[in-house]
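Residue numbers (this note's numbering): 1211 to 1491.
Structure record follows, encoded as structure tokens.
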Amino acid sequence: MKKKYSVLLLLVIFIIFSSLFFLKNSNTKLRSNEFVQSTTPTLFFHGYGSSANAERHMTESAKKAGVTETIIQANVDRKGQVTLRGRIPKGAINPIIMVQYEDNRNPDYLQDAAYAKAVVEKLKQAYGFQEMKMVGHSMGNMSILYYLLEYGSEENLPKLTKQVNLANHVAGLENWNLPSNLTLDPQTGQPSAMNEQYQKLTGLREVYPDKQIDVLNIYGDIGGNTDGSVLNISSKALKYLLINHAKSYKEVKISGRGGQHSRLHENSEVDKLLIDFLWRK
């Protein structure tokens, strides 16, 4: 009798675990009716002093939503050597690459751009990608913008089709290099003053690919027109750099507690914005 009950107990346990496994996999199944079924990769770039962990909430949200089943990591050392952790299967739908810089406190944006280029070249060499999408948080935006400034015209590199700028600080940071009493032209977005960093980025107005890239600029406001680290006016100054050549340009403000600088990459509202913009049909 005891043996019979033991067998029944094992059977019940097996059924429970099988059901849980099925539910887990059904929840992460690709939703081809909702999202584009493309092999184009999306690269995520973290901010100053951060790591790929800061990208995880956003990337896992995309996976859980049924956007993709493939997330790998690209680690960049201080010499610009790239190591890929994980593998992108042939034909993988909407693969995601979480980029991590070992040299994650380098304010030399030209060097950050070189790191970004190294990742792009490694991915093209390994997988032959011809197009890509990019998402940057905080200083990760500078990796993307300076990459486009320095290398965006190189025809041998994959074409960028979508760009998300999250908590960018293109016009500078308060109490450091943000011009005082800064204002933006209500029509063009042109700043009333420009620091050296922004002046260099105005080169994007000449080299940014024409009508090729859809841009989503997300910034947070916890009150007082700031996300706690970056003033909204600095984030909104991105418009002047890109508006003339972007295929489309959209700004979204995240208000309240979830709009805090670091909370923006842990925010379900932001997750939905990214998923809809990058992948939804």
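Positions of the beta carbon are idealized from the N, C-alpha and C atoms, including for glycine.
**Report entry** Length of the line joining the Cα atoms of Glu1270 and Lys1239
**Finding:** 13 angstroms
Query - Runs of alpha helix (DSSP H) lying entirely within the segment 1253-1313, each at least 4 residues, in chain order - result: 1263-1275
Query - Paired residues, beta bridge with His1347 - DSSP - result: Leu1376
Report task. Could you check what DSSP says for Gly1468 in three-state terms: helix, strand or coil? Result -> helix
**Report entry** Minimum C-alpha distance to Leu1411 - residue among Ala1262, Asp1431, Leu1355 and Ala1275
**Finding:** Leu1355
Requested in this report: In angstroms with no decimal places, state the Cα-to-Cα distance between Asn1375 and Ile1303.
Outcome: 23 angstroms
Report task. Kindly indicate which three-state DSSP category Ile1453 falls into: helix, strand or coil? Result -> coil
**Report entry** Pick from Asp1486, Gln1335, Asn1351 and Asp1287 that is closest to Ser1444, judged by C-alpha positions
**Finding:** Asn1351
Report task. Just the C-alpha distance for Phe1255 and Gly1290, rounded to the nearest angstrom, thanks. Result -> 15 angstroms
**Report entry** C-beta contact flag for Lys1432 and Gly1399 at 8 angstroms
**Finding:** One detail in the question is off: residue 1432 reads as Ile in this sequence, not Lys. Going by C-beta atoms, Ile1432 is not nearer than 8 angstroms to Gly1399.
Query - Alpha-carbon spacing of Leu1333 relative to Ser1353, whole angstroms - result: 16 angstroms
Requested in this report: Verify the contact flag: Thr1278, CB atom, against every heavy atom of the ligand NAD, threshold strictly below 7 angstroms.
Outcome: The ligand NAD is absent from the structure shown, which contains no ligand whatsoever.
Query raised in the report: For Ser1458, which three-state DSSP category applies?
Result: strand
Requested in this report: Verify whether the separation of the beta carbon atoms of Val1246 and Ala1284 is less than 8 angstroms.
Outcome: no
Report task. Spatial neighbours of Thr1436 within its chain, please: CB distance less than 6 angstroms, with the 5 preceding and 5 following residues excluded, ordered by chain position. Result -> none
Query raised in the report: How many whole angstroms separate the CB atoms of Val1277 and Ile1485, which I take to be in contact at a CB cut-off of 8 angstroms?
Result: 6 angstroms
Query raised in the report: Is there contact here, the segment 1448-1461 with the segment 1470-1481, by at least three beta-carbon pairs under 8 angstroms?
Result: no
Query - Interface flag, Gln1400 vs chain C, CB-CB below 8 angstroms - result: Any reference to chain C falls outside this structure, which holds one protein chain only.
**Report entry** Local conformation of Asp1322 per DSSP, three classes
**Finding:** helix
Query raised in the report: Looking only at DSSP bridge pairs, what is Asn1427 linked to?
Result: Asn1375 and Glu1461
**Report entry** Whole-angstrom distance between Leu1441 and Gly1434, CA atom to CA atom
**Finding:** 9 angstroms
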